[in-house]
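J.: Going by the numbering used here, 5 is the number at position 2 of the sequence shown; the sequence numbering is gapless. Note that the Cβ used here is the ideal one computed from N, Cα and C, for glycine as well.
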Amino acid sequence: MNDTSHRLIPGMYLLPSPAGAFKIISEPESNRLRDFLLALLDQQGKAQANDSNLCQWSGLPSIEEAREFVWRLQSLGWIQATHEPYQFPSEPFQETLPALLPPLSREGKILLADTQGFYLYSSGFPHETAEELSALSADLANMHARRAGVLNRNLSLPGSAWALTNAAGHAQLGFWPVFVGPERFVLVIAGAPAFNQPQLVELAFVLHQRFGR
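1) Figure out for me which residue from A141, R187, A102 has the closest Cα to the Cα of E30.
2) Cβ of A50 within 8 Å of Cβ of L17?
3) When you compare the CB positions of I192 and L107, do they come within less than 8 Å of one another, or not?
4) When burial is assigned at 16 or more other CB atoms within 10 Å of the CB, is L167 buried or exposed?
5) Assign E30 to one of three DSSP states: helix, strand, or coil.
6) Note down, one range per segment and in chain order, each alpha helix (DSSP H) of at least 4 residues found wholly within the segment 32-108.
7) Thinking just about the alpha-carbon of each residue, which of T118, Q119, K112, D117 is nearest to the one in S125?
8) Looking at E103: is its Cβ nearer than 8 Å to the Cβ of Q202?
9) Measure the C-alpha to C-alpha separation of L206 and P105 and round it to an integer number of angstroms.
10) Counting along the chain, where does the beta strand (DSSP E) carrying P201 start and finish?
11) How far does the beta strand (DSSP E) with A148 in it reach, from first residue to last?
12) Please look up how many angstroms separate the CB atoms of S140 and V189, rounded, as I've assumed it's under 8 Å.
13) Would you identify the three-state DSSP class for A193, choosing helix, strand or coil?
14) For G120, which residues in the same chain have their Cβ closer than 6 Å to its Cβ, ignoring the five residues on either side in sequence?
15) Per the DSSP calculation, A166 is bridged to which residue(s)?
16) Are T213 and F96 close, meaning C-beta to C-beta below 8 Å?
17) DSSP three-state call for P19: helix, strand or coil?
18) Between the alpha carbons of A69 and L57, how many angstroms are there, rounded?
Given below as structure tokens:
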């Protein structure tokens, strides 16, 4: 696509960028942007950019509106285009986590916990520590849900992640909620996360396939 005419490049395939994947999993609300990104995931890497598809996925009535919408998303870094269909992981859900989660932590310490506070996968944390952090993640998520009105609306502080910081304000341990369909998970990451990775897109895909339908 180009900046003036919003013309499509024939044969290109669309999928969320890492920023788009973060948008998908970091909030539960339905909106046009998030719904469009989820529609791309539903295509399982075969989301071909043509006028019919863009109108369908965006929910916009005219081709020009749909093209402009998609062009803006690409300009803002929410989506990416490839020349070939993207090959998402096809292994069972649990088997994909060892390949997808460690690259998202700069220190190699990460776990994925469920709503009840049990971890589905942990890397770099001892078992006992992973259990305690998973339970803490559930407590923090529930506390945030109770206070979200004050934080998100009254104070205009979007997001729902929590962190333990050092004196410089840098995160030593972060708790990042992950929303998939009706489910809520939490990524617990030591140090700074590395979310600008293709593995985040693949994680959003496998979670959506397993829990979002």
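T.: Taking the structure as given:
1) R187
2) yes
3) yes
4) exposed
5) coil
6) 35-45, 54-61, 66-78, 96-103
7) K112
8) Looking at the sequence provided, one finds Leu at residue 103 rather than Glu. Result yes, Cβ atoms of L103 and Q202 sit closer than 8 Å.
9) 11 Å
10) It is not in any beta strand (DSSP E) - P201 instead sits in the alpha helix (DSSP H) that spans 201-214.
11) First-last for A148: 130-151, but that is the alpha helix (DSSP H), not the beta strand (DSSP E).
12) 4 Å
13) strand
14) S137, A138, A141
15) G177
16) Per the sequence presented here, residue 213 reads as Arg, with Thr not at that position. In contact: R213 and F96 (Cβ atoms closer than 8 Å).
17) strand
18) 6 Å
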